[in-house]
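Trainee: Take this structure first; my questions come after.
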Amino acid sequence: MHEVLQGLNPEQRAAVTLPPQHALILAGAGSGKTRVLTSRIAWLLETGEAGPHEIMAVTFTNKAAREMASRLAGLLPEALRPGLRRMWVGTFHALANRLLRIHHQAAGLPQMFQILDTADQLSAIKRLLKRLNVSEQSAPPRELLSFINAHKEQGLRPDKVAAESRRAERFLPLWQEYEAQCQREGVVDFAELLLRSDELLARDEALRAHYRARFRHVLVDEFQDTNALQYRWLQRFAADPVTGEAGAFLFCVGDDDQSIYGFRGALARNLMRFEQEFRVQAVIRLERNYRSHGNILAAANAIIAHNRERLGKNLWTEADEGEPIRVFQAPEDGAEARFVAEEIGNLLREGVSADEIAVLYRANAQSRALEHALLAAGIPYRVHGGQRFFDRAEIKHALAYLRLLLLPDDETAFLRVVNFPPRGIGARTLEALAAQRDGQTDISAAATRLAGRPGAALQGFLQLIERLREQTREVPLPELVERVIAGSGLRTHYAAERDGGDRLENLDELVSAASDFVAQMASEGIEAQGHEMLALFLQHAALESGEQQAEAGQTAVQLMTVHASKGLEFDVVFLTGLEEGLFPHQNSLYADGGVEEERRLMYVAVTRAKKRLYLSWSDIRMLHGQTEYHQPSRFLEEIPPELLLWLNAKRRERKGGDLAPSRVTAVPQSSSGAANGWRSGERVRHPKFGEGVILAVEGAGAHAQASVKFGPEVGVKQLLLSVAPLERL
DNA sequence: CAGAATACTTTTTTT
DNA sequence: AAGTATTCTG
Numbered sequence: 001m002h003e004v005l006q007g008l009n010p011e012q013r014a015a016v017t018l019p020p021q022h023a024l025i026l027a028g029a030g031s032g033k034t035r036v037l038t039s040r041i042a043w044l045l046e047t048g049e050a051g052p053h054e055i056m057a058v059t060f061t062n063k064a065a066r067e068m069a070s071r072l073a074g075l076l077p078e079a080l081r082p083g084l085r086r087m088w089v090g091t092f093h094a095l096a097n098r099l100l101r102i103h104h105q106a107a108g109l110p111q112m113f114q115i116l117d118t119a120d121q122l123s124a125i126k127r128l129l130k131r132l133n134v135s136e137q138s139a140p141p142r143e144l145l146s147f148i149n150a151h152k153e154q155g156l157r158p159d160k161v162a163a164e165s166r167r168a169e170r171f172l173p174l175w176q177e178y179e180a181q182c183q184r185e186g187v188v189d190f191a192e193l194l195l196r197s198d199e200l201l202a203r204d205e206a207l208r209a210h211y212r213a214r215f216r217h218v219l220v221d222e223f224q225d226t227n228a229l230q231y232r233w234l235q236r237f238a239a240d241p242v243t244g245e246a247g248a249f250l251f252c253v254g255d256d257d258q259s260i261y262g263f264r265g266a267l268a269r270n271l272m273r274f275e276q277e278f279r280v281q282a283v284i285r286l287e288r289n290y291r292s293h294g295n296i297l298a299a300a301n302a303i304i305a306h307n308r309e310r311l312g313k314n315l316w317t318e319a320d321e322g323e324p325i326r327v328f329q330a331p332e333d334g335a336e337a338r339f340v341a342e343e344i345g346n347l348l349r350e351g352v353s354a355d356e357i358a359v360l361y362r363a364n365a366q367s368r369a370l371e372h373a374l375l376a377a378g379i380p381y382r383v384h385g386g387q388r389f390f391d392r393a394e395i396k397h398a399l400a401y402l403r404l405l406l407l408p409d410d411e412t413a414f415l416r417v418v419n420f421p422p423r424g425i426g427a428r429t430l431e432a433l434a435a436q437r438d439g440q441t442d443i444s445a446a447a448t449r450l451a452g453r454p455g456a457a458l459q460g461f462l463q464l465i466e467r468l469r470e471q472t473r474e475v476p477l478p479e480l481v482e483r484v485i486a487g488s489g490l491r492t493h494y495a496a497e498r499d500g501g502d503r504l505e506n507l508d509e510l511v512s513a514a515s516d517f518v519a520q521m522a523s524e525g526i527e528a529q530g531h532e533m534l535a536l537f538l539q540h541a542a543l544e545s546g547e548q549q550a551e552a553g554q555t556a557v558q559l560m561t562v563h564a565s566k567g568l569e570f571d572v573v574f575l576t577g578l579e580e581g582l583f584p585h586q587n588s589l590y591a592d593g594g595v596e597e598e599r600r601l602m603y604v605a606v607t608r609a610k611k612r613l614y615l616s617w618s619d620i621r622m623l624h625g626q627t628e629y630h631q632p633s634r635f636l637e638e639i640p641p642e643l644l645l646w647l648n649a650k651r652r653e654r655k656g657g658d659l660a661p662s663r664v665t666a667v668p669q670s671s672s673g674a675a676n677g678w679r680s681g682e683r684v685r686h687p688k689f690g691e692g693v694i695l696a697v698e699g700a701g702a703h704a705q706a707s708v709k710f711g712p713e714v715g716v717k718q719l720l721l722s723v724a725p726l727e728r729l
């Protein structure tokens with residue numbers, strides 16, 4: 001038997017060895033999805049069905065792309081490895097970026113176009129509003145931002161969107177202006193990378209024909225997370241079974257039960273759409289789970305069975321039942337965290353590796369209490385996500401200087417650093433500059449026209465940039481970065497600042513990140529220096545969030561959100577904060593299908609665990625500086641009770657034999673969660689405020705008060721339950 | 001203009 | 001609670 005196929009089960013093998021055609025692989029959690037993907041590529045290469053340059057593999061995260069590349073290298077015989085460089089592997093955004101760089105002219109972009117991350121995009125929008133004299137009240141920047149992004153992610157341009165609401169009427173012209181501004185400045189936002197490259201392929205038939213001929217196989221991971229634009233983007237490369245037009249075969253792998261990015265436009269329906277539109281004959285289900293013990297899998301299956309909108313599948317395993325799922329009720333979040341830390345301490349003493357323990361939570365804000373407890377217990381941990389390296393203020397400043405070297409028109413970058421460190425260029429000067437420019441002239445031309453001190457200060461800045469630009473043209477990247485950090489005055493500035501130490505360290509880290517990057521590029525056979533390498537580095541910074549790497553040699557407990565845990569697995573998982581309003585999250589209760597998405601998130605969380613799973617919740621939790629009273633999550637009730645072991649909650653008492661309790665309705669101490677028959681999490685209607693959800697109930701009798709969250713315009717209201725005309729929904 | 005003080009929002013998830 | 005944005009003061 002072929003080596004690549006060894007150890008695969010019949011379904012996996014069938015998927016890996018499919019003849020060239022469109023294929024849909026429905027792969028449940030822990031069913032060996034990544035293995036199938038990489039084995040498929042290895043199979044294509046080794047059987048000579050395709051050369052590396054004829055293969056494209058698309059993922060959603062950089063982590064997944066790296067994982068795929070490295071596992072593939074491990075699978076292939078030495079002789080085939082060097083060829084891997086010619087394969088296109090990456091995220092949608094990285095691959096779209098690659099296309100646009102190659103064809104920037106045809107795409108109507110300057111060669112050195114820069115990428116705006118969400119923060120940059122927001123500041124570009126604010127600047128736009130200021131320039132057009134539109135108040136932020138009449139057009140809230142954040143709303144405008146999501147309006148723009150949501151439409152672009154559906155593949156739309158302003159002229160294709162009907163001004164059917166007052167909001168759309170107001171936003172559409174602003175969106176148009178925003179696009180014009182980006183175009184002028186030579187920058188693109190995340191969605192634009194995809195949209196622009198999609199339009200390029202749509203418009204340019206020769207180009208499309210070229211890529212359709214080039215790529216024979218396109219493999220897509222996490223297909224349930226694709227949005228409308230990404231689907232269309234893939235279509236551009238694919239063979240069309242209806243018209244018979246040649247193109248790539250799509251090999252799409254996904255799991256509708258793990259679709260957790262609906263909030264940013266992902267459509268799990270794309271799985272079905274793909275099957276129909278591409279007349280997919282080869283649909284293969286991978287339902288055998290290799291990861292979790294039986295009880296964990298049974299819990300996951302039971303939870304997800306509560307969802308109505310799903311293709312339907314049932315994971316099975318040959319593993320034994322394993323341990324029961326441990327459940328812990330804490331009186332407050334600090335106690336929950338201490339419980340987690342204590343249990344982890346025991347596990348570590350029993351010899352469990354810290355790397356094999358994960359603490360998961362719904363929202364990043366929850367990590368604080370957990371970190372506190374772990375720190376106190378002396379347990380090493382690593383927090384994933386949260387503030388990213390390239391998002392730090394000092395790093396963004398340095399990157400802005402670097403961007404200006406390549407793209408003088410990048411106004412987002414210009415405004416970020418024109419007066420940082422302070423050099424006497426204040427609001428007044430910038431206003432004068434804006435007046436001089438009249439929305440037309442470029443910055444330097446306008447600056448020369450400015451007289452007096454403001455003019456001199458501005459020209460000083462521009463000369464600084466020009467000098468740095470000249471000095472760095474041919475310099476190796478790490479030195480280039482260092483020169484800019486020093487020459488810009490950033491280093492001196494932070495050195496003089498009282499708490500500037502951390503920031504200086506981060507700037508140093510940016511220099512080493514540049515070194516690492518150069519080394520990585522060299523290993524991929526890419527050698528360059530000066531501005532050429534800088535361009536690559538800036539793309540890398542924009543497209544990779546820059547998660548800090550684990551410290552070598554140090555094992556640590558992993559802390560992360562449930563979202564961040566997708567695709568990972570651990571021997572022991574602590575799933576914390578299982579409370580109504582938190583998990584499922586408050587905001588999800590309004591959205592259409594919101595709770596189902598939360599349930600899928602729960603499913604993802606549970607299926608991360610291999611051997612042992614802890615579920616915990618806290619009656620009282622500090623959130624946003626407020627004490628909130630919570631009921632246990634509905635998801636707890638969806639797990640068959642015989643799978644659970646209550647470590648401390650009231651429901652633990654067993655009647656007679658070993659009958660476990662049937663419901664987890666524990667809690668209410670008199671003052672928390674429920675009063676006068678009302679409980680948090682309940683949906684209610686108020687004649688004046690409309691529909692809402694009870695966040696918390698406090699007090700009792702005539703004084704019982706509820707905080708109720710109504711629609712966006714109303715917000716949260718405090719209501720006396722004895723008085724307020726609330727109606728249960 | 002710069003830095004300090006105050007006010008205000010944001011708090012789900014990510015390329 | 002904590003971070004950002006705005007206003008105030010020297």
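Heads up, the first sequence stops at 729 in our numbering, and the numbers go up one at a time, no gaps. We put the beta carbon where it would ideally sit given N, CA and C, even for glycine.
1) Rounded to whole angstroms, what is the Cα-Cα separation between L286 and A27?
2) Do K126 and P141 come within 8 Å of each other at the CB atom, strictly closer than that value?
3) In chain order, what residues of the same chain lie with their CB nearer than 7 Å to the CB of L659, ignoring the 5 residues before and after it?
4) For V775, which beta-bridge partners are listed by DSSP?
5) According to DSSP, is E628 helix, strand or coil?
6) Assign I102 to buried or exposed, taking buried as 16 or more other Cβ atoms, counted over all protein chains shown, within 10 Å of its Cβ.
7) Output yes or no for whether 8 Å exceeds the beta carbon distance between R288 and S31.
8) Using 8 Å as the threshold, is the segment 254-264 in touch with the segment 120-134, meaning 3 or more CB pairs across them?
9) Please state the DSSP three-state secondary structure of H397.
10) Starting from I604, follow the alpha helix (DSSP H) in both directions and report where the run begins and ends.
11) According to DSSP, is S138 helix, strand or coil?
12) Among A69, D592, E54 and L468, which has the Cα closest to the Cα of A37?
13) Buried or exposed: G186, going by 16 or more other Cβ atoms within 10 Å of its Cβ?
14) Can you tell which of L613, Y614 and E628 has the C-alpha that lies nearest to the C-alpha of I620?
15) What residue from A64, M112 and E49 has the CA that sits closest to L402's CA?
16) Can you round the beta-carbon distance between Q618 and A330 to whole angstroms, since I take them to be within the 8 Å contact cut?
17) What does the alpha-carbon distance come out to for the pair H563 and L601?
18) Around the Cβ of R449, are there at least 16 other Cβ atoms within 10 angstroms (buried) or fewer (exposed)?
19) Starting from L430, trace the beta strand (DSSP E) in both directions and tell me its first and last residue.
20) Counting only the same chain and skipping the five closest in sequence on each side, list residues whose C-beta sits under 6 Å from that of L18.
21) Tell me which residue opens and which closes the beta strand (DSSP E) that Q329 is part of.
22) So, A369 versus G424, is the Cβ gap smaller than 8 Å?
23) Distance, Cα to Cα, Q12 vs L75?
24) Nearest to R232 by CA position, among D255, R308 and K152, is which residue?
25) What does the alpha-carbon distance come out to for the pair G673 and E691?
26) With H, G and I counted as helix, E and B as strand and the rest as coil, what does DSSP make of E482?
27) Grouping DSSP H, G and I as helix and E and B as strand, with all else coil, what is K130?
28) So, under 8 Å CB-CB, I25 and V253 are touching, yes? Tell me the CB distance rounded to an integer number of Å.
29) Can you give me the Cβ contacts of F574 inside the same chain, cut-off strictly under 6 Å, excluding the 5 residues immediately before and after it?
30) Fully enclosed by the segment 350-407, which beta strand (DSSP E) runs are 3 residues long or longer?
31) Pick helix, strand or coil for S123, following the three-state DSSP scheme.
32) What are the boundary residues of the beta strand (DSSP E) that includes D189?
33) Give the secondary structure of E411 by DSSP, where H, G and I count as helix, E and B as strand, and everything else as coil.
34) So, is S292 buried or exposed, given that buried needs 16 or more other C-beta atoms within 10 angstroms?
35) Return the bridge partner residues of I25 from the DSSP annotation.
36) Using a Cβ distance threshold of 8 Å, determine whether the segment 88-107 contacts the segment 188-207, with at least three qualifying pairs required.
Mentor: Result, derived from the coordinates:
1) L286 and A27: Cα-Cα distance of roughly 5 Å.
2) If you check the CB distance, P141 and K126 come in under 8 Å.
3) A caution first: L659 carries a pLDDT of 33, below 50, which makes its placement in the model unreliable, though a value can still be read off. The beta carbon of L659 sits closer than 7 Å to none of the beta carbons in its chain outside the five residues before and after it.
4) With the chain running from 1 to 729 in the structure shown, residue 775 is simply not present.
5) Residue state, collapsed to three classes: strand.
6) Exposed, because fewer than 16 other Cβ atoms sit within 10 Å of the Cβ of I102.
7) A contact, by the Cβ cut-off of 8 Å.
8) At 8 Å Cβ cutoff, the stretches do not touch.
9) H397: helix per DSSP, three-state reduction.
10) Note that residue 604 is Val in the sequence shown here, rather than Ile. Residues G594 to V606.
11) S138 falls in the coil class under three-state DSSP.
12) It is Leu, not Ala, that sits at residue 37 in the sequence shown. Among A69, D592, E54 and L468, the Cα nearest to that of L37 is on A69.
13) Residue environment for G186: buried (at least 16 other C-beta atoms within 10 angstroms of its C-beta).
14) Minimum Cα distance to I620 is reached at E628.
15) Of the candidates A64, M112 and E49, the one whose C-alpha sits nearest the C-alpha of L402 is M112.
16) Before going further, note that residue 618 is Ser rather than Gln in the sequence given. Their Cβ separation, rounded to whole angstroms, is 4 Å, which keeps S618 and A330 in contact under 8 Å.
17) Rounded to the nearest whole angstrom, the CA to CA distance from H563 to L601 is 7 Å.
18) Label assigned to R449: exposed.
19) Premise fails: L430 lies in the alpha helix (DSSP H), A427 to R437, not in any beta strand (DSSP E).
20) Hits under 6 Å: A282.
21) Where Q329 is concerned, the enclosing beta strand (DSSP E) starts and stops at I325 to E332.
22) Their beta carbons are not under 8 Å apart, which means A369 does not touch G424 by this criterion.
23) Computed Cα separation, rounded: 16 Å.
24) It is K152.
25) Annotation note: pLDDT 43 at G673 (below 50); position unreliable, no value reported.
26) Correct three-state label for E482: helix.
27) Three-state DSSP puts K130 in a helix.
28) For I25 against V253, the beta-carbon gap comes to about 4 Å, under 8 Å, which counts as contact.
29) Answer for F574: V340, V359 and Y614, listed in chain order.
30) At a cut-off of 3 residues, the continuous stretches assigned as beta strand (DSSP E) that sit fully inside the segment 350-407 are 357-361 and 381-383.
31) DSSP places S123 within a helical segment (H, G or I) once states are collapsed to three.
32) V187 to D189 is the span of the beta strand (DSSP E), which, as asked, contains D189.
33) Helix at E411.
34) Burial state of S292 is buried, judged by a 10 Å Cβ sphere holding 16 or more other Cβ atoms.
35) DSSP output for I25 lists V253 and I284 as bridge partner(s).
36) Taking 8 Å as the limit for Cβ pairs, the verdict is that the segment 188-207 does touch the segment 88-107.
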